[in-house]
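Trainee: I'd like to ask some things about the structure below.
There are 4 protein chains.
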Amino acid sequence: MLEGLKIEVYKANQELAKNGLVTLRWGNISARDERTGYIVIKPRRIAFTQIKPDDLIVCDMEGKILEGSHTPSSDLFTHLEIYKAFPQVGSVAHTHSKWATVFAQAGESIPNLGTTHADYFKYDIPVTRTMRPEEIAKDYEKNTGRIIADAFTLKDPMTTPAILVKNHGPFVWGRDIADAVDNAVALEYVAEMAFYTLRLNTDADMNKYLIEKHVQRKQGGKNEQ
Amino acid sequence: MLEGLKIEVYKANQELAKNGLVTLRWGNISARDERTGYIVIKPRRIAFTQIKPDDLIVCDMEGKILEGSHTPSSDLFTHLEIYKAFPQVGSVAHTHSKWATVFAQAGESIPNLGTTHADYFKYDIPVTRTMRPEEIAKDYEKNTGRIIADAFTLKDPMTTPAILVKNHGPFVWGRDIADAVDNAVALEYVAEMAFYTLRLNTDADMNKYLIEKHVQRKQGGKNEQ
Amino acid sequence: MLEGLKIEVYKANQELAKNGLVTLRWGNISARDERTGYIVIKPRRIAFTQIKPDDLIVCDMEGKILEGSHTPSSDLFTHLEIYKAFPQVGSVAHTHSKWATVFAQAGESIPNLGTTHADYFKYDIPVTRTMRPEEIAKDYEKNTGRIIADAFTLKDPMTTPAILVKNHGPFVWGRDIADAVDNAVALEYVAEMAFYTLRLNTDADMNKYLIEKHVQRKQGGKNEQ
Amino acid sequence: MLEGLKIEVYKANQELAKNGLVTLRWGNISARDERTGYIVIKPRRIAFTQIKPDDLIVCDMEGKILEGSHTPSSDLFTHLEIYKAFPQVGSVAHTHSKWATVFAQAGESIPNLGTTHADYFKYDIPVTRTMRPEEIAKDYEKNTGRIIADAFTLKDPMTTPAILVKNHGPFVWGRDIADAVDNAVALEYVAEMAFYTLRLNTDADMNKYLIEKHVQRKQGGKNEQ
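Chains as they are written, first to last, in numbering that gives the first Met the number 0: chain A, 0 to 224; chain B, 0 to 224; chain C, 0 to 224; chain D, 0 to 224.
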């Protein structure tokens, strides 16, 4: 079932590892099949570099497993909430990539300070609110997805396709798998540059006309130069 | 003798090198055979990448060499003290990995600031007290192991399987070799993230309910996602 | 047309990637053919590692495409302004390399603090002024090239062959392609070292007699040791 | 002439590159033949990764070339002064490795803050005084060697086999080539750790009894574990 999508998700796992975004088994990527609405996701307990297409799991939007002999990633229900809240999303990636996680641990959003950021994310990358004890005790992964969705009630999630879950790490999405992987790579890069830019100049800020220009150029191309 | 365990220790040496935790000849890993209680450890004076399974040394818990033509790692007696103090430990790794060593040199513990830390270590990673001149002059390596054990008299060493030896570097352990290697990789990663998290927000702290949740998830799986 | 130059530009793209100066599709390099004055430039929307010599575009100094089936890099008109303003330039490279971009985002020039800098750049690396809304709205890429040229009205652009475009990233040039690539590699290296040097000693400065000596040694050799 | 030594110097060049200590063509390594007292050194203008054993140059202690068709490294006369001043030295390496150069640019010595430092260098790594205009104008490379030698008039250069030339970079030496390469690798590593240790704890310092212990262990072994 969905063999083509499985191969794409499989390759995206390799891509995340190759770009230095995953260490040990921290992270997972999923994709939504446009026709059926089913989700293909990475299994738990298998190292990123050892996953094969057949190890991938197919489930429906309620998390019911339709195919696959492994347990799905423990973050599955966070992915599902993101797909439910943002219908345009075709793929979700979660990593513990270093710099994005540093901002998540600090509870600080990643400010837009340059055209690299603006080419991928119109606004600052937001950070979720502190989770409440009862949200952690029960349906933890589902509630993580809900507070992600809540953070985007006032703006289009596709203009800034990433968020930092406080004390945890980034969740990133895209129209499709390639888009989600690109956004995850770009997020880590702009997080590191934002950290050092503010160390060099605490008053650094971004030219708002440049943001508009680069967001508009993005619509025409695909963040390419 | 213990040929299977030797191959595992041999591979773990490669694994530490591959994960960027060892430079030149700094570091060593050992494992305890459950049945005999014997220890397999890396020899001294052989580069990490050049060790072969047959170069490994087998000794008893008093450090008496039972097999092997090389001198054992000079830190052997530190390893032995850790095995004696913590019966659940099946493997010990010592590295001079950069960020963990930075905290050791600063005499600062590594604070738990996120789920990456909580997935592997329940508490902050402690740092040992300053060694006294007489502890350094005689039985230096053995005394290093003793002050490591002392630091865990009040808590379970398996919930936080790592420590920083002040002005020296980290010692890490695990139920088995794979576990010790994973913990060494995770330690280095959370050390670096903790450093930068505190630079970004000096008041950063961790949600204690998240710690409980992730420690509990860990029991079910194996720090996997 | 210009097959030899295409192969050189193709190889330079690989070289920039190999030296860690490009991530995803951020960056582009071009060269000017001495005889015809034509420009060979990287196409848009093709990953750095996937470009083949035949994908490269040949255009004239007004940007008219003479050969090539792809769209040229969106920064083409910035390159053209640099070639127009600086007749000695044979190649232009644009990257979002991390440390040079950090200085660009901070709006800070990169100070000359050592012989590594002086071997390649006589002066501090300048940063362009803030672009005005009307310069961004219309002919954005051309105007970017113009404010680069403006920044060098008082000095020889070949003694300090690089500039930081504020909130964007570095543009680097050279007598030929190999020179431009070397300068891009050196720029990133000295940017990182300058950042940390000033963290270690806020009063750090450079011996002006050493600058003269190394600039003069450079004329004889080719920044080599 | 000295074919065996040429192959060793050739391999050491690869080793420096493999350990990330050289970028572009910045750096050079030489060795002294014990019997003849002749020096084998890297040629100028050839990339580190492209040098072949036959490209190496043999010269005497006055810099007279005895064999080789290339120009020797421009730093040759600095190497010669080090050999003249320190008779125990069998090999000299010069790099622009990042962290050692950062300390050199800041004009700050690298403090001994841990056993990794003590295993290779007993004291802090010193930094040379500012060079005077006349020392730069004439015999610049020779004078660089002289101020290096001056910095060790009060102590044994073999206990701390490295120095930082202010605003330039590190020079490192050893009993033989392998020793010089090891010391260059260790220097870069302890420089980086010292930088971050002081950021984490400005009062960090080293237990002097640990220094004695590790310096003494070093005599027995070869900085091995």
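No residue lacks a Cβ here, since even glycine has one placed at the ideal position from N, Cα and C. Bear in mind the structure is a predicted one, so any value in this text is a computation, not a measurement.
(1) Of all the CB atoms in chain B, is at least one closer than 7 Å to the CB of residue 56 of chain A?
(2) Going along chain C, which residues have a C-beta under 9 Å from residue 157 of chain A?
(3) Quick one: residues in its chain with C-beta nearer than 6 Å to the C-beta of residue 70 of chain D, no 5 flanking neighbours on either side, listed in chain order?
(4) Select from the region 108-142 of chain A all residues with a C-beta closer than 7 Å to any C-beta belonging to chain B, and list them in chain order.
(5) Counting Cβ pairs closer than 8 Å, one from the region 166-184 of chain D and one from the region 91-101 of chain D, do we hit at least three?
(6) Taking the runs of the alpha helix (DSSP H) that are 4 residues or longer, which of them lie wholly in the region 53-114 of chain A?
(7) Taking residue 148 of chain A as the reference, give the member of A:57, A:132, A:167 and A:126 with the closest Cα.
(8) Ordered along the chain, which non-local residues of its own chain (more than five positions away) have a Cβ less than 7 Å from that of residue 145 of chain C?
(9) Assuming residue 212 of chain C and residue 139 of chain D are in contact, meaning their beta carbons sit under 8 Å apart, how far apart are those beta carbons, in whole angstroms?
(10) List, in order along the chain, the chain B residues whose C-beta lies closer than 7 Å to that of residue 104 of chain A?
(11) By Cβ distance, which residues of its chain are closer than 7 Å to residue 16 of chain D, with the 5 residues on each side in sequence left out?
(12) Measuring only the C-alpha atoms, how far is residue 2 of chain A from residue 32 of chain A?
(13) Please list the residues of the region 150-183 of chain B that have a C-beta atom closer than 9 Å to any C-beta atom in chain A, keeping them in chain order.
(14) I need the DSSP call for residue 223 of chain C, collapsed to helix, strand or coil.
(15) For residue 22 of chain D, collect the residues of the same chain with a Cβ closer than 8 Å to its Cβ; drop the 5 residues on either side in sequence, then sort them by chain order.
(16) Below 8 Å on the Cβ atoms is my contact criterion, and I expect residue 172 of chain A with residue 85 of chain A to pass it. Report the Cβ-Cβ distance as a whole number of Å.
(17) Is residue 12 of chain D close to the ligand SAH? I mean its beta-carbon at under 6 Å from any heavy atom of the ligand.
(18) With a threshold of 8 Å, are at least 3 pairs of Cβ atoms found where one atom belongs to the region 107-123 of chain C and the other to the region 185-197 of chain C?
(19) Under the rule that 16 or more other beta-carbon atoms within 10 Å means buried, what is residue 0 of chain C, buried or exposed?
(20) Could you tell me which of A:28, A:124 and A:14 sits nearest to residue 100 of chain A, measuring between CA atoms?
(21) Express the C-alpha separation of residue 215 of chain B and residue 137 of chain A in angstroms, rounding to a whole number.
(22) State yes or no: is the C-beta of residue 196 of chain D within less than 7 Å of the C-beta of residue 203 of chain D?
(23) If you draw a straight line from the C-alpha of residue 12 of chain C to the C-alpha of residue 45 of chain D, how long is it?
(24) Take residue 207 of chain D as the anchor and find which of B:142, B:130 and B:193 has the nearest alpha-carbon.
(25) From what residue to what residue does the beta strand (DSSP E) around residue 169 of chain B run?
(26) What does the Cβ neighbour count give for residue 74 of chain D, buried or exposed, with the cut at 16 atoms within 10 Å?
(27) In whole angstroms, what separates the C-alpha of residue 157 of chain C from that of residue 112 of chain A?
(28) Taking Cβ to Cβ, would you say residue 39 of chain C is nearer than 7 Å to residue 8 of chain C?
(29) With distances taken from CA atoms, which of A:194, A:53, A:67 and A:25 is nearest residue 107 of chain A?
(30) Just checking: is the beta-carbon of residue 27 of chain D within a distance shorter than 7 Å of some beta-carbon in chain B?
(31) Assign residue 51 of chain D to buried or exposed, taking buried as 16 or more other Cβ atoms, counted over all protein chains shown, within 10 Å of its Cβ.
(32) Note down, in chain order, every chain D residue with its Cβ under 7 Å from the Cβ of residue 101 of chain B.
(33) With C-beta atoms as the reference, is residue 18 of chain A less than 7 Å away from residue 41 of chain A?
(34) Measure the CB-CB distance between residue 105 of chain C and residue 199 of chain A and report whether it falls below 7 Å.
(35) Could you tell me the alpha carbon to alpha carbon distance between residue 4 of chain C and residue 133 of chain C, rounded to whole angstroms?
Mentor: On the basis of the data shown:
(1) no
(2) Under the 9 Å cutoff, chain C gives no residues; its nearest Cβ is about 18 Å from residue 157 of chain A.
(3) 43
(4) 129, 130, 132, 135 and 139
(5) yes
(6) 75-84 and 97-105
(7) A:126
(8) 80
(9) 6 Å
(10) 112, 113, 192, 196 and 203
(11) 47 and 48
(12) 11 Å
(13) 181
(14) Legend: pLDDT at residue 223 of chain C = 48, less than 50; position of this residue unreliable, value from coordinates given subsequently. Looking at residue 223 of chain C - three-state DSSP - the assignment turns out to be coil, as it is neither helix nor strand.
(15) 95
(16) 7 Å
(17) Absence of the ligand SAH from the depicted structure is noted, as is the absence of any ligand whatsoever, leaving it without description.
(18) yes
(19) exposed
(20) A:124
(21) 13 Å
(22) yes
(23) 21 Å
(24) B:130
(25) 168-173
(26) buried
(27) 29 Å
(28) yes
(29) A:194
(30) no
(31) exposed
(32) 192, 195, 196 and 199
(33) no
(34) yes
(35) 36 Å
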